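> Can you read through this structure? Questions will come right after.
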Amino acid sequence: FAALLDRGNEDENTRLVKSYLSKFYSPEGEAVATINMDDDVAVTEKLKKMQKFHGLRVTGKIDAETIAMMKRDRCGVPDVEQ
Amino acid sequence: FTLNPGEPKWDRKNITYRIVGYTPDMHEFYVEKAIEAAFKVWSKAAPLEFERVKDKVADIELSFQRGDHYDNSPFDGPGGTLAHAFQPGSAIGGDVHFDEDETWTAGGLQGHNLFIVAAHEIGHALGLSHSTDQGALMYPTYTYSDPRTFQLNQDDIDGIQSLYGKPDIPVRGPKTPEACAPSTTFDAVTTLRGEMLFFKGRYLWRKHFQSGVQLEFIATFWPDLPSGIQAAYENYETDNFVVFKGNKYWALNGYAIESGYPKSIYQLGFPKTVKRIDAVFSDSESGKTYFFVNDKYWRYDEIRQSMETGYPRPIAQDFKGIGKKIDAAIQQNGYIYFFRGKRVTQFDPRRKSVVPPIRKSNSWLNC
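Chains as they are written, first to last, in my numbering: chain A, 1 to 82; chain E, 83 to 449.
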């Protein structure tokens with residue numbers, strides 16, 4: 001069962017989140033460079049969209065259940081219109 | 083369900099498919115059977131006919147690819163992305179690619195079930211996009227489901243019929259339970275290492291004190307457990323939890339079903355007249371487990387590992403006011419909560435009385 005978020009993996013979690021969001025929640029599709037690492041507003045907005053899509057609590061923050069969902073095997077087709 | 087922008091779909095009902103490449107993980111025969119069954123999922127739900135061709139380009143071309151295979155969507159090695167497909171259209175349109183770096187199987191444990199993934203990807207190839215319904219086949223994440231008992235969710239049926247209309251033979255599918263629907267009831271409830279699990283059909287709601295309530299398939303965690311669990315409790319003596327269906331029960335430790343299970347409930351000391359357990363809870367203080375069947379209950383001593391004498395007793399005698407045919411029961415903070423239909427009754431075992439008010443069962447799902 002999903003353990004509580006391991007603070008030690010902060011950077012790894014952030015990388016996972018940004019890679020996931022650029023793959024599945026970027027209408028521009030993969031051709032566009034991954035989300036600008038400093039563009040926290042874009043990340044927060046996409047994170048909220050992902051959390052809403054997956055029926056998670058919409059916090060815009062990187063939390064344990066969001067990470068757990070992002071780590072699940074899935075289909076490669078984006079969740080937002082491309 | 084959702085469709086793609088512009089709602090692209092095939093402009094005919096007869097659609098061809100070709101298996102362009104195979105995986106070394108499975109015998110070709112089983113790959114063909116899995117893909118044939120995956121197409122059948124959709125031809126049963128909408129007026130579509132699929133014909134397999136071998137020697138010419140087909141509308142839907144299925145292949146196994148690895149890494150970057152030059153369609154602008156490289157695969158990522160084992161795990162993560164399992165497959166993808168393209169919406170209806172010419173050339174690559176409608177094509178389905180499976181990630182060869184996954185382990186493909188006709189079963190459910192070692193690897194990913196090809197039938198389930200193919201059925202999902204063919205949904206895309208027919209024009210469906212991802213669904214937000216967690217019980218739908220078109221939900222983005224992978225969940226194993228036994229191909230022999232697989233049923234297309236009503237959300238998926240609605241989606242494909244919005245594109246291609248209804249088939250001659252009407253078809254209906256299971257609806258995903260909604261936590262906060264007024265009609266929500268539970269089959270079984272248990273604590274588990276600080277979380278709570280509420281069983282319902284093929285699903286369970288998982289409630290974690292920090293992160294709310296999440297709907298899951300039972301098969302996501304325990305592919306070998308049946309759906310329709312009828313009673314469940316956490317055994318504090320053995321740090322595992324026990325689930326009951328019919329006259330069988332399973333002991334689970336985390337994701338693993340303990341060896342030697344399922345066992346017969348008659349091994350616990352029930353008479354053969356008992357055909358199923360309605361509800362069960364265990365008292366962590368005393369190590370006693372209470373089993374409810376119709377209007378009676380039994381008490382089992384987890385420490386001595388035996389059913390206590392003097393049972394069964396009438397529920398009404400010791401749990402006055404909770405009624406009979408309990409759906410589920412759980413002990414929390416010294417109280418016992420009895421779920422019957424849409425209502426849950428709090429019971430104080432010290433005073434041997436009901437603690438008003440009676441609440442809605444789904445109030446336990448933060449509704």
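All residues carry an ideal CB built from backbone N, CA and C; glycine is no exception.
The model shown is predicted, which means the values in this text are computed figures rather than measured ones.
List the residues that DSSP assigns as beta-bridge partners of Ala389 of chain E.
Per the sequence shown, residue 389 of chain E should be read as Met rather than Ala. Bridge partners of Met389 of chain E: E:Tyr382.
> Taking all protein chains shown into account, do 16 or more other C-beta atoms lie within 10 angstroms of the C-beta of Glu340 of chain E, making it buried, or fewer, making it exposed?
When all chains shown are included, Glu340 of chain E counts as exposed.
> Listing by chain order, which chain A residues have their CB less than 8 Å from the CB of Ser244 of chain E?
Simply none; closest approach about 16 Å.
> Excluding the 5 residues preceding and the 5 following His212 of chain E in the sequence, name in chain order all residues of the same chain whose CB lies nearer than 8 Å to its CB.
Correct list, in chain order: Thr84, Met220, Tyr221, Pro222.
> Spatial neighbours of Lys91 of chain E within its chain, please: C-beta separation below 8 Å, excluding the five flanking residues on both sides.
Correct list, in chain order: Pro170, Leu208, Gly209, Leu245, Tyr246.
> Just grab the DSSP bridge partners of Gly416 of chain E for me.
In DSSP, Gly416 of chain E forms no bridge with anything.
> Determine which residues of the stretch 201 to 223 of chain E have a Cβ less than 8 Å from any Cβ of chain A, and write them out in chain order.
Cβ contacts with chain A: His202, Glu203, His206, Ser211, His212, Thr214, Gln216, Pro222, Thr223.
> For Glu110 of chain E and Leu191 of chain E, what's the separation of their Cα atoms in angstroms?
Roughly 20 Å between the two C-alpha positions.
> Can you list, in chain order, the stretches of the beta strand (DSSP E) that have 3 or more residues and sit fully within the stretch 200 to 282 of chain E?
Taking only runs of at least 3 residues, the beta strand (DSSP E) segments lying wholly in the stretch 200 to 282 of chain E are 270 to 274, 277 to 282.
> Would you say Val123 of chain E faces chain A, with C-beta separation under 9 Å as the test?
For Val123 of chain E, the answer is no, since every Cβ of chain A falls outside 9 Å of its Cβ.
> Could you tell me if Gly88 of chain E is buried or exposed, where buried requires 16 or more neighbouring beta carbons within 10 angstroms of its beta carbon?
So Gly88 of chain E ends up on the exposed side.
> How would you list, in chain order, the residues of chain A whose beta-carbon sits under 8 Å from the beta-carbon of Leu164 of chain E?
Near Leu164 of chain E (Cβ distances below 8 Å), the residues of chain A are Asp73, Arg74, Cys75, Gly76.
> Are the C-beta of Gly423 of chain E and some C-beta of chain A separated by less than 9 Å?
False, the Cβ-Cβ gap to chain A never drops below 9 Å.
> Which residues in chain A have a C-beta closer than 9 Å to the C-beta of Gly171 of chain E? List them in chain order.
Here the premise fails: no neighbours, minimum Cβ distance about 13 Å.
> Are there 16 or more other CB atoms within 10 angstroms of the CB of Thr66 of chain A, so buried, or fewer, so exposed?
Its Cβ being crowded by 16 or more others within 10 Å, Thr66 of chain A is buried.
> Do Gly369 of chain E and Asp383 of chain E have their C-beta atoms within less than 9 Å of each other?
It is a contact, given that the beta carbons lie within the stated cut-off.
> Comparing alpha-carbon positions, which option in E:Glu367, E:Phe373, E:Ala338, E:Ser364 lies nearest Tyr348 of chain E?
Selected option, being the one with the closest Cα: E:Phe373.
> Could you tell me which of E:Gln296, E:Asp250, E:Ile239, E:Pro229 sits nearest to Glu260 of chain E, measuring between CA atoms?
When only C-alpha atoms are compared, the closest one is E:Gln296.
> Beta-carbon of Val199 of chain E versus every beta-carbon of chain A: anything under 9 Å?
So, interface residue.
> Verify the CB distance criterion: does Ser145 of chain E have a CB-CB separation below 9 Å to chain A?
Cβ-Cβ to chain A under 9 Å: no for Ser145 of chain E.
> Does the beta carbon of His290 of chain E come closer than 9 Å to any beta carbon on chain A?
Interface residue, yes.
> So, helix, strand or coil for Phe168 of chain E, using DSSP?
Here Phe168 of chain E sits in coil by DSSP.
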